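Engineer:
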Amino acid sequence: MGNVLYADSVNGTSGAAAFSPETASSTMIGAMGKATASNDDYVYVAPGHAETVTGAAGMTFSKAGIRWMGRGVGRNRPTITFSTSTAAQIIISGANQTFNNFVFDFTGIDAIVAAISITAADVAFEDCEFITNNATAGCVLGILTAATAARLRIENCRFLGVATNSGTTTTAQIQHEVGVDYLIRNCYFTGKMTQAILNATTILRGMIDSNRFVISTGTVAITMAAGSTPFITNNRINVPSGTAPIVAAAGFMAGNVYSAAAGVTAGTASTF
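Using the working numbering, read the sequence shown as starting at 192 and increasing by one per residue.
(1) One question on the structure: do C319 and G261 come within less than 9 angstroms of each other, judged by their Cβ atoms?
(2) Count the other C-beta atoms from every protein chain shown that fall within 10 angstroms of the C-beta of N324, then say buried if there are 16 or more, exposed otherwise.
(3) Just confirm the distance between the C-beta atoms of N426 and N447, as a whole number of angstroms; I'd bet it's less than 8 angstroms.
(4) Could you tell me whether the Cβ of V405 comes closer than 9 angstroms to any Cβ of chain B?
(5) Are the CB atoms of A241 and P212 within a distance shorter than 9 angstroms?
(6) To the nearest angstrom, how far is the alpha carbon of G358 from that of T327?
(7) From which residue to which residue does the alpha helix (DSSP H) around I220 run?
(8) Could you tell me which residues DSSP puts in a beta bridge with G382?
(9) Hey, which unbroken runs of the beta strand (DSSP E) at 3 residues or more fall wholly within the region 264-349?
(10) To which residues of the same chain is G203 closer than 6 angstroms at the C-beta, ignoring the five residues directly before and after it?
(11) Using DSSP's beta-bridge definition, name the partner residues of G352.
(12) Under 8 angstroms, with one C-beta from each stretch per pair, do the region 276-283 and the region 345-353 reach the 3-pair mark?
(13) On the criterion of 16 or more Cβ atoms from any shown chain inside 10 Å, does G299 qualify as buried, or is it exposed?
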């Protein structure tokens, strides 16, 4: 069995042992330094914990096999805010890490290039919120993966943004490239964006299932490379206009429903 460690920006201390709530580290990276790689260690992050990412590689989760467990409810959950530089970024380079019950706010500055970069395999997000735009700011990309990010899993998460803003239109809340056997399931996507999910390089195998999309700008929810072969099933989509909310020429699709307006009456949605 792995170790249990603690992070708490309110009551913790820099350099602390992190092996009890009373000796919590003030930062998540500090707690990671006390963990053992590939040991199934848990790090519990306290309600109200707050950290800010202000530059490139502002936080790097490099140790494999850690489960990051956020505590708290709503916006009292641990929150990581991105600000100061458009290069502000979290890097996840250690494999087999799970992030549960966190809030990631990408709107501290307009036009963040790629807020979270995943280069490791078997990374998962569960029950998290990602704020991709507000009234004055929007990130270009929320999550960006590398070719090495196989078996990415994102479940029960919310990607949130306003319908209109004076800042950047988000290109994609998730841009996933090449890593096989990914799963994006039971998530909610909304905001001012070109599309919610983007794949620009051919990728074989993967599933996008049972998600909900409310696209405020553009006509597409999901855009896949021409040669990619995802299963895209049981999604519900609202787009402002258009008749092709999913672009996936080689994909396998079933049970998806979309409407191209707000307040549509019964019988006007399309299933494919």
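Heads up, the beta-carbon is just placed ideally off N, CA and C, and yes, glycines get one too. Small disclaimer: the values here were computed from a predicted structure and weren't measured.
Structural biologist: A quick look at the data gives this:
(1) yes
(2) buried
(3) 5 angstroms
(4) You won't find chain B in this structure, because it holds only one protein chain.
(5) No, these two residues do not count as a Cβ contact at 9 angstroms.
(6) For G358 and T327, the distance between alpha carbons rounds to 5 angstroms.
(7) Following the DSSP letters along the chain, one finds I220 inside the alpha helix (DSSP H) bounded by residues M219 to K225.
(8) I406
(9) 270-273, 281-283, 289-291, 294-296, 305-309, 315-317, 320-324, 332-336 and 344-346
(10) A215, S216 and S217
(11) N324
(12) no
(13) buried
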